[in-house]
Amino acid sequence: MKSDIQHHLALKFTNLLWIGLILSGLLFSSGLTAQTIYSIDQVPNPKSKGQDYYVSDPDGILGSYTVSLLDSISLDIEKQTGAEYSIVLVNDYQSDDDFQFAFDLFNKWGIGNKQANNGLLLFIAKEKRQYRFISGYGMERIFPDIYLKQVGEKYLVPNFKEGNYEIGLLQASEFISKILKSPNSLEELKSMMPEAIPFFSFQNPYFKNSLLVIGFFLLLYIYIHLIGKRLKTDKQKLKPIAPFFYGLGCMGFLMFVSIFIFAFIFKNFEQVYQVKNTPYFLFVFWGLVLWMKIHDTQEAIKKSYVDEKEKGIALKKFAGLTLIPSILAPLALFNMGGILFRLNKYKHRYDPPDNSGDWERIVRTSKKAETSQYLNKGQIKEEKIGSRRYEIWKNNKSQEIKLIPWDVNKRLYECPECHFFLPWRRIKKKLSRKLPIRVLVKVKRSTNAKTVIT
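Written out as structure tokens, the structure reads:
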């Protein structure tokens, strides 16, 4: 009985001991947490250790080696420029306003020379994911706030997101050091951080480059339009504005597709779609517009001429005059390739029937009366439906007329009655009353343009 009581008491004591240890641990951890929430007066001033110290890191966020490197960077800045650059890192602080807290800390410590007012403080609160630059009025003339913000976005934010506080601080501090030690800091900043300048400013190189791209392609656009006016006939009109909207539509589709590619496949959407890449986007856009202009002008020239030889001559001139613009709009090279293919295809088309020298090629016009002098109704119908095109040759001695067919459509069929090449549905309708179906099938196989040409 006595042993049971002792055992029961021992269990109670053990439970109470565990509860005490747990409560002590909780109190201890809460006490540690409370220690990381700093007020202005609680943040240790690095100058209390000596004048060569500039980094306050009471929570040990950085390694000792990194702290010493940052101290040496700040010391070198002060020796060469007289400016003071301090860094404060804490886990948390007693405020929700990072600017006011950092500003009060800046004034309390008196960072920078009083006369020059050239102090710079970088305050970082790890738990709240905040950082803030505070600079004196003298520092703002050397290193304006707009560039300090860009330093944070370029070096601190991406590294802090990955937990690389040491790398981010070292990169930012080395950049700040380089600028402050430069004999002309503002010019150095403009060259190294052009993205910080307002985009619609002639001091921004991206804006200037964008204007150059627009101006250059606009000149090419006007050049192609003038070439088209020179080579087309008066009856055919060019579209001066429409290719711009065609290119705009193509660019919209291309951007829509590329967003998915860069966002989900390459996962570098933020790196690609930046203001600094605006000139490249404009180059692509105007390349598409130029391609549409070349294509539209080429089609206008083709429609200007009835005679194939005159059409070929005009297209050859157009290809030669627009070769360089086509290189800048690579898709237009397909148009140039189409013209070259056409020229090669028809290189013997305009050869006379023999070498007697008596043959004269009849230049085709849009006048039906002239065409009907040489072609019958069936042949005119063939040309109308795109069955074939005829080259007309006249012998000046014998007055003989010779027709040579070109551009034979191999999907059409030779009608057994009229021997013109027509769509099968017309032939079938014409012969269905005279011939049974099985005979029509044989006729279809034997009269196909492919078979006849072979």
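The letter at position 146 of the sequence shown is residue 127 when you use this note's numbering, and the numbering goes up by one with no holes. Virtual Cβ for every residue (Gly too), placed ideally from N, Cα, C. Predicted, not measured: the structure shown is a model, and the values here were computed from it.
Item                                                                                                                                                                                       : Value
Using C-beta distances below 8 Å, list every residue in its chain close to Lys298, excluding the 5 sequence neighbours before and after it, in chain order.                                : Leu212
Is the CB-CB distance between Glu65 and Gly100 below 8 Å?                                                                                                                                  : yes
Within a Cβ cutoff of 6 Å, which residues of the same chain sit near Arg392, ignoring the five residues on either side of it in sequence?                                                  : none
What does DSSP give as the partner residue(s) for Leu101 in the beta ladder?                                                                                                               : Tyr66 and Ser116
Rounded to the nearest angstrom, what separates Ser239 and Lys210 at their Cα positions?                                                                                                   : 36 Å
Can you tell me the Cβ-Cβ gap for Ala372 and Ile382, rounded? I've got them flagged as a contact below 8 Å.                                                                                : The residue you asked about is not Ala; residue 372 is Glu in the sequence shown. Not confirmed; about 11 Å, so no contact.
Quick test of your reading: Ala295 and Leu219, contact by CB under 8 Å. State the CB separation rounded to the nearest angstrom.                                                           : Incorrect: roughly 14 Å between the Cβ atoms, too far for contact.
The alpha helix (DSSP H) spanning Asn325 covers which residue range?                                                                                                                       : Ala313 to Lys326
Compute the Euclidean distance between the alpha carbons of Val265 and Phe247, then round it to the nearest angstrom.                                                                      : 20 Å
Cβ of Pro39 within 8 Å of Cβ of Pro27?                                                                                                                                                     : no
Report the CB separation of Leu86 from Ile21 in whole angstroms; it is logged as a contact under 8 Å.                                                                                      : 6 Å
Would you call Ile178 buried or exposed, if buried means 16 or more other Cβ atoms sit within 10 Å of its Cβ?                                                                              : buried
Measure from the alpha carbon of Leu314 to the alpha carbon of each residue in Asn325, Lys107 and Gly301, then state which is nearest.                                                     : Gly301
DSSP three-state call for Asn140: helix, strand or coil?                                                                                                                                   : helix
Anyone know if the C-beta pair for Gly367 and Arg323 falls short of 8 Å?                                                                                                                   : no
Do the CB positions of Pro125 and Asn190 come within less than 8 Å of each other?                                                                                                          : no
Looking only at its chain, what residues have a beta carbon closer than 6 Å to the beta carbon of Lys273, apart from the 5 residues adjacent to it on each side?                           : Checking the sequence, you will find Met at residue 273 rather than Lys. These residues qualify, in order along the chain: Pro224, Tyr227 and Gly228.
For the stretch 98 to 117 against the stretch 62 to 76, do three or more pairs of beta-carbon atoms, one drawn from each stretch, fall closer than 8 Å, so that the two count as touching? : yes
For the ligand NAP, any of its heavy atoms closer than 7 Å to the Cβ of Asp22?                                                                                                             : You won't find the ligand NAP in this model; it holds no ligand whatsoever.
Measure the C-alpha to C-alpha separation of Trp90 and Gln96 and round it to an integer number of angstroms.                                                                               : 15 Å
Less than 8 Å between the beta carbons of Lys257 and Glu176, yes or no?                                                                                                                    : yes
If you follow the beta strand (DSSP E) that Asn88 is in, where does it begin and where does it stop?                                                                                       : First-last for Asn88: Asp79 to Trp90, but that is the alpha helix (DSSP H), not the beta strand (DSSP E).
For Leu312, which residues of its own chain have a beta-carbon under 6 Å away from its beta-carbon, when the five flanking residues on both sides are left out?                            : Trp272
Can you list, in chain order, the residues of its chain with a C-beta nearer than 8 Å to that of Leu304? Leave out the 5 residues immediately preceding and following it.                  : Met317
For a test of the three-state rule: what should DSSP assign to Glu372, helix, strand or coil?                                                                                              : strand
Please report the distance separating the alpha-carbon of Gln184 from that of Lys283.                                                                                                      : 46 Å
Considering only C-alpha positions, which residue in the set Asn94, Arg113, Glu251 and Pro139 is nearest to Met120?                                                                        : Asn94
Buried or exposed, going by whether 16 or more other CB atoms sit within 10 Å of the CB of Leu(-10)?                                                                                       : Summary for Leu(-10): the model assigns pLDDT 47, below 50, so the residue's position carries little reliability; its value from the coordinates is reported in the next sentence. Leu(-10) comes out exposed.
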